[in-house]
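*Asks:*
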Amino acid sequence: MNKKYGFHVCHLTSVHPRNDSRIFHKMCKSLASKDVKITLVVADGKGNEVVDNVEIIDIGVPLGRLKRITQTTSKIFKKAQELNADVFHLHDPELLLIAKKLKKLNKKVIFDSHEDTVNTILVSPYLKSPVSNIISKLYENFERYTCKKIDGVIGATPHIENYFKKFAKQTENINNYPILPDKKLEQISWDQKQNEVCYVGSIDDTRGIKDLMNSLELTKSQVRLNLAGMYSSSTLEKEIKEHQDYHLVNDFGYVNSEEVENIYNRSLAGVVTLHPIPTFLVSLPIKMFEYMVAGIPFIASDFPYWRNLLKGSKCCIFVDPQKPQEIADAIDYFILNRETAKQMGEVGRKLVFENFSWESQSEKLLTFYQKVLSN
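Positions 1 to 375 (UniProt numbering) are the ones given, in order, by the sequence shown.
1. Determine whether the beta carbon atoms of residue 211 and residue 327 lie at a separation below 8 Å.
2. Could you pull out every residue in the same chain whose Cβ sits closer than 7 Å to the Cβ of residue 169, ignoring the five residues on either side in sequence?
3. State whether the segment 109-116 contacts the segment 34-41, with contact taken as three or more CB pairs (one from each stretch) at a distance under 8 Å.
4. What does the Cβ neighbour count give for residue 171, buried or exposed, with the cut at 16 atoms within 10 Å?
5. In its own chain, which residues sit with a C-beta less than 8 Å from the C-beta of residue 62, not counting the 5 before and 5 after it?
6. Closest by CA to residue 229, which one among 199, 303, 216?
7. Given residue 345, which residues of its chain have a CB within under 6 Å of its CB, disregarding the five upstream and five downstream residues?
8. Which complete beta strand (DSSP E) runs does the segment 101-153 hold, if anything under 3 residues is left out?
9. Give me the Cβ distance between residue 301 and residue 282, rounded to the nearest whole Å; I'm assuming they're in contact under 8 Å.
10. Examine the Cβ distances between the segment 254-266 and the segment 302-320 and report whether three or more of them are shorter than 8 Å.
11. Distance, Cα to Cα, residue 226 vs residue 50?
12. Using the three-state DSSP reduction, which class does residue 301 fall into: helix, strand or coil?
13. With H, G and I counted as helix, E and B as strand and the rest as coil, what does DSSP make of residue 46?
14. Whose CA, out of 333, 192, 19, lies closest to the CA of residue 218?
15. Under the three-state reduction of DSSP, which class applies to residue 261: helix, strand or coil?
16. Roughly how many angstroms separate the alpha carbons of residue 163 and residue 124, rounded to a whole number?
17. Can you grab the Cα-Cα spacing for the pair residue 203 / residue 375, in whole Å?
18. Here's the rule I'm using: 16 or more other beta-carbon atoms within 10 Å means buried, otherwise exposed. How should residue 26 be labelled?
19. What does the Cβ neighbour count give for residue 77, buried or exposed, with the cut at 16 atoms within 10 Å?
20. Is residue 195 helix, strand or coil by DSSP?
21. Could you give the DSSP three-state label for residue 19: helix, strand or coil?
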């Protein structure tokens, strides 16, 4: 790594994989290409490597949730001391445990809040009320106290940033917009698309998988579901695979970006029917933008925030995500009206190129680093 760097940013994560879309492909790679030295510390047991001018350092995979929070967090702090970067960018709530220690080293510290953790705890499958209410409140107090002491907070959505604005020194909203391909690249012919819809992402009950499965038997058309991603639990995976309509599913499992593109190319439409829980109501699901980049329309939860975000563009059909019949009717519409589906896909593709580019967010991130360093 002989390139002359302006300053050194070290991204720290104890949870996310080294090839995480937001952390590695978007933040690390885009900043490494702009004269910034980037190091990424991970805990996955896959060893050290340098990829696209990003130095990835592995401190070993933790054995269990508790050891990840204690031992892994401690190892990450020790590695951070050795690296002596100018800015430390924390990506997990548990890493706030070492934020004050990093500040004592006279380092700039940024917390990147990927989600509304306070409310996420309330719906976590690992915690049950009233315990979840207590833990959520304790975490909220700890988060507020710590984030007042560090140099800045990044929110992955406007809603998250607005929350931290109330007490953090300085904030920025870095939306999880997609890395756009060359707009001139040809898309697959719609004549080659199958009577299939797709869902790509984390597979979980709150993300609508059960309602989507139940919609398959209600369709009037012959349709198949292209399903790609990791199940949130082995129990849910067993339940889905034993569903009476599982024979209508092409279950691809966890796939790479090239395989995801192939799934989009063969599908008439995408599905993003998250349930109306607080964290989802104001979220920016990356799969929505990916469907738009792929030029396919999609079926989306009827959230006011999403309607406003898409600015009235006719690129999707909004449904009640907990009503399988509405999902089924939307699927039938796309299958029976392929030309209209194609036109809606083109509208979405135009919208994403005009309004939702990662490049715009990359520039905001670089400016935020410079602002933090100057203070």
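The C-beta atom is built at its ideal place from N, Cα and C for all residues, glycine as well.
*Replies:* Let's see:
1. Against the sequence shown, residue 211 aligns to sequence position 211. Against the sequence shown, residue 327 aligns to sequence position 327. Yes.
2. Residue 169 sits at position 169 when you count from the first residue of the sequence shown. Hits under 7 Å: 151, 152.
3. no
4. Start at 1 with the first residue of the sequence shown, and residue 171 comes out as number 171. Classification of residue 171: buried, given that the 10 Å Cβ count is 16 or more.
5. As a working note, residue 62 is residue 62 in the sequence shown. Result list for residue 62: 14, 43, 68, 71, 72, in chain order.
6. In the sequence shown, residue 229 corresponds to position 229, counting from 1. Residue 199 is the option with its Cα nearest to residue 229.
7. Position 345 of the sequence shown holds residue 345. Within the same chain, residue 345 has close Cβ partners 295, 296, 297.
8. 108-113
9. For the purposes of this step, residue 301 is taken as residue 301 along the sequence shown, with counting starting at 1. For the purposes of this step, residue 282 is taken as residue 282 along the sequence shown, with counting starting at 1. Actually they do not touch by this definition, with Cβ atoms about 12 Å apart.
10. Under the Cβ criterion (8 Å, minimum of three pairs), the segment 254-266 does not count as touching the segment 302-320.
11. Locating residue 226 in the sequence shown gives position 226, where the first residue counts as 1. Locating residue 50 in the sequence shown gives position 50, where the first residue counts as 1. Their backbone Cα atoms lie some 34 Å apart in a straight line.
12. Here residue 301 is taken as the residue at index 301 of the sequence shown, counted from 1. Strand at residue 301.
13. Locating residue 46 in the sequence shown gives position 46, counting from the first residue. In the structure shown, residue 46 sits in coil (DSSP, three-state: anything other than H, G, I, E or B).
14. In the sequence shown, residue 218 corresponds to position 218, counting from 1. Of the candidates 333, 192, 19, the one whose C-alpha sits nearest the C-alpha of residue 218 is 333.
15. Locating residue 261 in the sequence shown gives position 261, counting from the first residue. Residue 261 falls in the helix class under three-state DSSP.
16. Translated into positions along the sequence shown, residue 163 becomes position 163. Translated into positions along the sequence shown, residue 124 becomes position 124. Going from the Cα of residue 163 to the Cα of residue 124 covers about 20 Å.
17. The residue you call residue 203 lines up with position 203 of the sequence shown. The residue you call residue 375 lines up with position 375 of the sequence shown. Cα-Cα distance, rounded: 42 Å.
18. Numbered from its first residue, the sequence shown carries residue 26 at position 26. Classification of residue 26: buried, given that the 10 Å Cβ count is 16 or more.
19. Counting from 1 along the sequence shown, the entry for residue 77 is found at position 77. Under this definition residue 77 is a buried residue.
20. As a first step, residue 195 is located in the sequence shown; it is residue number 195 there, counting from the start. Residue 195: coil per DSSP, three-state reduction.
21. Against the sequence shown, residue 19 aligns to sequence position 19. Three-state result, residue 19: coil.
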